[in-house]
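Novice: Residue numbers (the working numbering): 1 to 263.
1) Relative to the C-alpha of residue 92, which candidate in 113, 63, 79, 101 has its C-alpha closest?
2) Using the Cα positions of residue 175 and residue 118, report the straight-line distance between them to the nearest angstrom.
3) Tell me, to the nearest whole angstrom, how far the beta carbon of residue 73 is from that of residue 61; I am working on the premise that it is less than 8 Å.
4) Opposite residue 126 in the DSSP bridges: which residues?
5) Just confirm the distance between the C-beta atoms of residue 44 and residue 56, as a whole number of angstroms; I'd bet it's less than 8 Å.
6) Using CA coordinates, which residue listed in 99, 77, 34, 32 is at the minimum distance from residue 219?
7) Would you identify the three-state DSSP class for residue 153, choosing helix, strand or coil?
8) From what residue to what residue does the beta strand (DSSP E) around residue 61 run?
9) Residue 216 to residue 131, Cα distance in whole Å?
10) Would you mind sorting residue 249 into buried or exposed? The rule is 16 or more other CB atoms within 10 Å of its CB.
11) Check residue 258 in the structure and name its three-state DSSP category.
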């Protein structure tokens, strides 16, 4: 673990020593995991004068929310200047192997589900883009048709009213088709927004479930530890009784030996 200065004022020699130690730290300390809000373990570390070696600021309390470290508390740099100081000190020891495997499985399922949603979203965006291109092409055709009709009016001012009605009908049909495509595109965009909102709620629910399951597993492990402690106390009591009995037998043998020697 990295060292911490114990006071606000240090000498230049101490600064050099801290920077040398800082340069020797492994890269894993620079990879801060994602965190989740936990009111019972948050804020800055005010119990001591320890400070971050790089920023010389008080560190913060965080709870990890990533991979096999999910739920573990750690002390990290609270500075938000873009420089990642990483995990400065883990408060909790690594979880048992069984719990780590469970967390890995849960996160794999979570990422697999997100990947499927991303792929569906990309496919939908491609379809929406295709509709937009068709709409733009239709708009260009419509503009070209309007120009052609205007030229036709200028060139054939004496055309029969029947032909004019036919042209007007064609223009109206194009307008109606354009309006339908625009409405369809609006509906698609609105549906996509609703879908994204639903996915966001699902992600938040998944995060809450993972935290709840982690806490439940930690409670079960604590119960097993308490049972082991009780068994240990019982075993110690039995051993103590056996030792007392052994000492009593030894005293009797010593007395018999004395009597035999006297005879």
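Each residue gets a CB set at the ideal place from its N, CA and C atoms; glycine is no exception.
Specialist: Let me lay it out:
1) 63
2) Residue 175 and residue 118 have their C-alpha atoms roughly 35 Å apart.
3) 7 Å
4) Its beta-bridge partners do not exist; DSSP assigns none.
5) Not a contact, Cβ separation roughly 14 Å.
6) 99
7) Note: residue 153 maps to helix in three-state DSSP.
8) It spans 59-64 - the beta strand (DSSP E) in which residue 61 sits, taken as one unbroken run.
9) 49 Å
10) Exposed: under 16 other Cβ atoms inside 10 Å.
11) helix
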